[in-house]
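K.L.:
Quick one: the structure is below, and I'll ask about it shortly.
Number of protein chains: 2
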Amino acid sequence: MMIYNQNLDGCQVDNKNAFKNFYPDALTTFRTAYQKGELAPLSLVEKTDDITSYQEAAERFENFDDILILGTGGSSLGGKTLYALAGQKAPRLHFMDNIDPHTFSRLFETINPKATGVLAISKSGSTVETLMQLAICLQRLDKKHFMAITEPTPNTLRKIAEDHQWTCLDHPTNVGGRYSCFSVVGLLPTLLAGLDAHAFREGARTILENHLTEESPPALQGAAMAAHHNKPLSVMLPYADQLDSFALWYRQLWAESVGKDGKGTTPIRALGTVDQHSQLQLYLDGPKDKFFTLITPQWQGRGEAVQSSLIPEFTGKTMGDLFDAELRATYETLVNHKCPTRLITVEALDERSMGALMMHFMIETIITSYFMGVNAFDQPAVEEGKRLAREYLAA
Amino acid sequence: MMIYNQNLDGCQVDNKNAFKNFYPDALTTFRTAYQKGELAPLSLVEKTDDITSYQEAAERFENFDDILILGTGGSSLGGKTLYALAGQKAPRLHFMDNIDPHTFSRLFETINPKATGVLAISKSGSTVETLMQLAICLQRLDKKHFMAITEPTPNTLRKIAEDHQWTCLDHPTNVGGRYSCFSVVGLLPTLLAGLDAHAFREGARTILENHLTEESPPALQGAAMAAHHNKPLSVMLPYADQLDSFALWYRQLWAESVGKDGKGTTPIRALGTVDQHSQLQLYLDGPKDKFFTLITPQWQGRGEAVQSSLIPEFTGKTMGDLFDAELRATYETLVNHKCPTRLITVEALDERSMGALMMHFMIETIITSYFMGVNAFDQPAVEEGKRLAREYLAA
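Protein chains in written order, with my numbering: chain A, 1 to 395; chain B, 1001 to 1395.
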């Protein structure tokens, strides 16, 4: 079996011919682009020899209690998604993706400057939020405990790193932030967290190969199904706390890749079972404007069993049994209410299955961009705000 | 000045007559309902004498290191919103709103059972997720360290509480979960966190009185403006990490109150500046289907100033200066792209301003339900899933 299983029965399309308008060229376009080397973020997973150098960098920080990862958007969300899998107690990773002075002042109250490392990540090396974080951290922490990841260009972050003689790793020039999880940007935090970067890439590689060779691979089917339903909202509803950051990662990937030229659909980050008590009423009984993706590991039997008979229906059951029952109930209720719903299941959440899921959604996003006729790799609209922010800061 | 200021200029409606169809009855309906005692969640803020008994309950837990708040949806989000303001180091509050066995097993590794208290909250006393959490916590923690909040009816949670002789406080019968923040459900966590429950209610009371007496109070204007634009998506975009949970609270309030009978709009929880690097591209250049609400405290000058000249444009500036510049840049860019955008500012985030904001959005939600012709206080669609989950668990 595949690392994950995608069940599209709940999307309620009997006639598979409904898809044929989406199919003819998309897979060929995708494969041709890949073979030409135009999909660098995906090709990264074929590599294994670069991991040694990231491991060496990670070892410089291994004795710290706390590591601050400075960076926002794609510089943060891939690593954060993986960190949800971490079991180690130290070093603790803090993904600092905002510039809230209150948050930083609280942080400085709780960490020991002597036992804290800082990793600053910015592709361009000129992200103002990341540079501001860096400037403040330099005033508070040991100037020798820093590393950086940025493009090999003469940018501000690289200049600061070189002036301080920090380790500075290269952000690949042909890989954008939101597609950078399989590069050093995702892998170094993975290694700092004590996780298996090889397994992460291996899971992704398996799925990539599947999409380069199979007749109708799952990301194509998923993209075509969503395009067929043509709903303006795409709800990502995982049943696992460890996938909460994954949903945030997906939300950026999807929004920035397909949201342009007046096109695109809006991703919604949700979480089961929590949102059954918050959003499900709207999902079931409000406007029918949503396509649903449920993702879950196998929960049945997970957790300790209830021994007492205080609540008779729970006796002998585990929390995982209830989680599983809730997932199935929500799935069935959505389908009964004619909401197009797909269900993705993985055996367990680990580096390999996370790599597989992230590769799946990167490919699905790219294929969707072909359907929509947009460029999945740019984000032209945000430049105006960046310019204005610098003006206002200077004023 | 009011506790907050609502600026609707960015909504770009010159002709205020555009609103007149929304106005005539809504305010009268609201005030009549209030005077008749039909809006119990709001009337709560007129009380002060009940806080003493909640304070006594809170003192039972004051020496614990950790307090687990078991509960989901409205039993969790109000308290969590307030807890974001807490400055104390202990007791730490953990809002356990899911039934992920992995999360619970990690939690039990980090807390000391002898120094941990548990507060279980369920209005009906039969919420299966909360009861499952309770059953597992009873196996792991000291059975004397529990309290409960539930309706004064013979329900499962109350029976367990009475059997164990726990303190059991009454959840008001005429106040639904998502409207319960000004009741014991919001106030007890507030007090456990060492915060000022009087100031929280006082801020809310000031805003309530304003809406009972002023000619065109802000929640009416906000509701009418959103209704006039009639966008299917409502983006809540605060610029403050401490408002991240507030946006989650709003998301439930809005979705469950107006999402029914095929009507309603979908709330989106966002966060500045983080989502400038994730969602802004879509907001500016994707479909024009969103109404934006930006909320911010005064950031200018907040945080420590950058002393070095490493990055010349930052010298002498604070992180708060940049936060403020980013907020203004995003606001202006949204407006330039013809996105209807309102800006709410508060002087500072504290119990009083949080109470004011929560009251504002409760009133705005109720008034919107009048416009839409839906019942703001029920959630009929979720019963089917609850029944199915019990069936599947038993199978």
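No residue lacks a Cβ here, since even glycine has one placed at the ideal position from N, Cα and C.
Please read these numbers as outputs of a predicted model, since none were measured by experiment.
#1: Which value, in whole angstroms, describes the spacing of the CA atoms of B/R1352 and A/V235?
#2: With a threshold of 6 Å on Cβ separation, who are the neighbours of B/F1095 within its own chain once the five nearest residues in sequence on each side are excluded?
#3: Kindly list, in the order they appear in chain A, the residues whose Cβ is closer than 8 Å to that of B/K1231.
#4: Would you kindly check if the distance between the Cβ of B/V1184 and the Cβ of B/I1149 is under 7 Å?
#5: With a threshold of 7 Å between beta-carbons, can B/I1160 be considered close to chain A, or not?
#6: Give the secondary structure of B/S1180 by DSSP, where H, G and I count as helix, E and B as strand, and everything else as coil.
#7: Checking the sheet assignment: what are the DSSP bridge partners for A/V235?
#8: Let me know the secondary structure DSSP gives B/P1312 once reduced to three states.
#9: Pull up the CB-CB distance for A/T296 and A/T365, whole angstroms please, since I reckon it's below 8 Å.
#10: Output the distance between the C-alpha atoms of A/Y4 and A/T156, rounded to the nearest integer angstrom.
#11: Applying the 10 Å Cβ sphere with the 16-neighbour rule, what's the burial state of B/Q1012?
#12: I'd like to confirm the pairing. Which residues does DSSP put opposite B/F1095 in its beta bridges?
#13: Chain A beta carbons: is any one of them nearer than 7 Å to that of B/D1097?
#14: Check each candidate in B/K1288, B/H1228, B/P1041 and B/A1389 and name the one with the smallest Cα separation from B/L1008.
#15: So which of A/T29, A/N17 and A/G303 has the shortest CA-CA distance to A/F371?
#16: Short of 7 Å in beta carbon distance, which residues of its chain neighbour A/F314, apart from the five on each side in sequence? Order them along the chain.
#17: What residue from B/T1153, B/N1098, B/R1092 and B/D1275 has the CA that sits closest to B/K1123's CA?
#18: Strictly below 7 Å CB to CB, what residues from chain B border A/G398?
#19: Applying the 10 Å Cβ sphere with the 16-neighbour rule, what's the burial state of B/E1129?
#20: The beta strand (DSSP E) that contains B/R1060, what's its start and end?
#21: Are the CB atoms of B/E1256 and B/Q1379 within a distance shorter than 7 Å?
#22: Assign A/G87 to one of two classes, buried (16 or more other C-beta atoms within 10 Å of its C-beta) or exposed (fewer than that).
#23: Three Cβ pairs or more, each shorter than 8 Å: is that satisfied between the segment 1201-1210 of chain B and the segment 1092-1110 of chain B?
#24: Under 8 Å, with one C-beta from each stretch per pair, do the segment 173-187 of chain A and the segment 34-52 of chain A reach the 3-pair mark?
#25: Let me see if you follow: with CB-CB separation under 7 Å, is A/E46 close to chain B or not?
#26: Identify whether A/M372 lies in helix, strand or coil by the three-state DSSP scheme.
#27: For B/S1234, go through chain A and note every residue whose CB falls closer than 8 Å to its CB, in chain order.
#28: Can you tell me where the beta strand (DSSP E) holding A/N5 begins and where it ends?
#29: Taking 7 Å as the CB-CB limit, is A/D244 close to chain B?
#30: Counting only beta-carbon separations shorter than 7 Å, does A/G385 have a partner in chain B?
#31: Give a yes or no on whether the minimum CB-CB distance between B/S1278 and chain A is below 7 Å.
#32: Excluding the 5 residues preceding and the 5 following A/T341 in the sequence, name in chain order all residues of the same chain whose CB lies nearer than 7 Å to its CB.
#33: Are the CB atoms of B/G1264 and A/G259 within a distance shorter than 7 Å?
#34: Please list the residues of the segment 1274-1306 of chain B that have a C-beta atom closer than 8 Å to any C-beta atom in chain A, keeping them in chain order.
#35: Return the chain-ordered list of same chain residues with a C-beta closer than 6 Å to the C-beta of B/K1290, the five sequence neighbours on each side being excluded.
#36: Nearest by alpha-carbon distance to A/D100: which of B/L1349, B/E1214, B/V1382 and B/R1060 is it?
P.N.:
Let me spell this out:
#1: So the alpha carbons of these two residues sit roughly 34 Å apart.
#2: Around B/F1095: I1069, S1076 and K1080.
#3: In chain order: nothing, as chain A lies at least about 11 Å away.
#4: For B/I1149 and B/V1184, yes; Cβs fall inside 7 Å.
#5: Closer than 7 Å to some Cβ of chain A, the Cβ of B/I1160 qualifies, so yes.
#6: It is coil, neither helix nor strand.
#7: Partner(s): A/I268 and A/F292.
#8: In the displayed model, B/P1312 falls within a helix according to three-state DSSP.
#9: Not confirmed; about 21 Å, so no contact.
#10: Pairing A/Y4 with A/T156, the inter-Cα distance amounts to about 42 Å.
#11: B/Q1012 should be labelled exposed.
#12: Answer is B/I1069.
#13: With 7 Å as the cut-off, B/D1097 counts as an interface residue toward chain A.
#14: Comparing Cα-Cα distances from B/L1008 to each of B/K1288, B/H1228, B/P1041 and B/A1389, the minimum goes to B/H1228.
#15: Here the closest residue by C-alpha is A/T29.
#16: Closer than 7 Å at the Cβ level, and outside the excluded window around A/F314, lie V306.
#17: Ranking the options by Cα distance to B/K1123, first place goes to B/T1153.
#18: Any answer about residue 398 of chain A is impossible in this case: the structure gives chain A only from 1 up to 395.
#19: The residue is buried, with at least 16 neighbouring Cβ atoms inside 10 Å.
#20: If you look at B/R1060, you'll find it isn't in any beta strand (DSSP E); DSSP assigns it neither H nor E.
#21: Yes; because the gap between Cβ atoms is below 7 Å, this pair is in contact.
#22: Taking all protein chains in view, the Cβ of A/G87 is surrounded by fewer than 16 other Cβ atoms within 10 Å, so the residue is classified as exposed.
#23: With the rule of 3 Cβ pairs closer than 8 Å, the segment 1201-1210 of chain B does not count as touching the segment 1092-1110 of chain B.
#24: Yes, since at least three Cβ pairs between the segment 173-187 of chain A and the segment 34-52 of chain A fall closer than 8 Å, the two stretches touch.
#25: Closer than 7 Å: no.
#26: DSSP places A/M372 in helix when its eight states are reduced to three.
#27: What B/S1234 touches in chain A: nothing, since even the nearest Cβ is about 11 Å away.
#28: Run containing A/N5: Y4 to N7, per the beta strand (DSSP E) assignment.
#29: No, no contact with chain B.
#30: Yes - at least one Cβ of chain B is within 7 Å of the one on A/G385.
#31: So, interface residue.
#32: Same-chain partners within the cutoff: G10, C11, F292, L294, Y331, L334 and V335.
#33: It is not a contact, given that the beta carbons lie outside the stated cut-off.
#34: Cβ contacts with chain A come from V1274, Q1276, H1277, S1278, Q1279, L1280, Q1281, L1282, Y1283, L1284, D1285, G1286, P1287, K1288, D1289, K1290, W1299, R1302, G1303, E1304 and V1306.
#35: Contacts found: K1231, L1233 and V1235.
#36: Comparing C-alpha distances from A/D100 to each of B/L1349, B/E1214, B/V1382 and B/R1060 shows the shortest one belongs to B/L1349.
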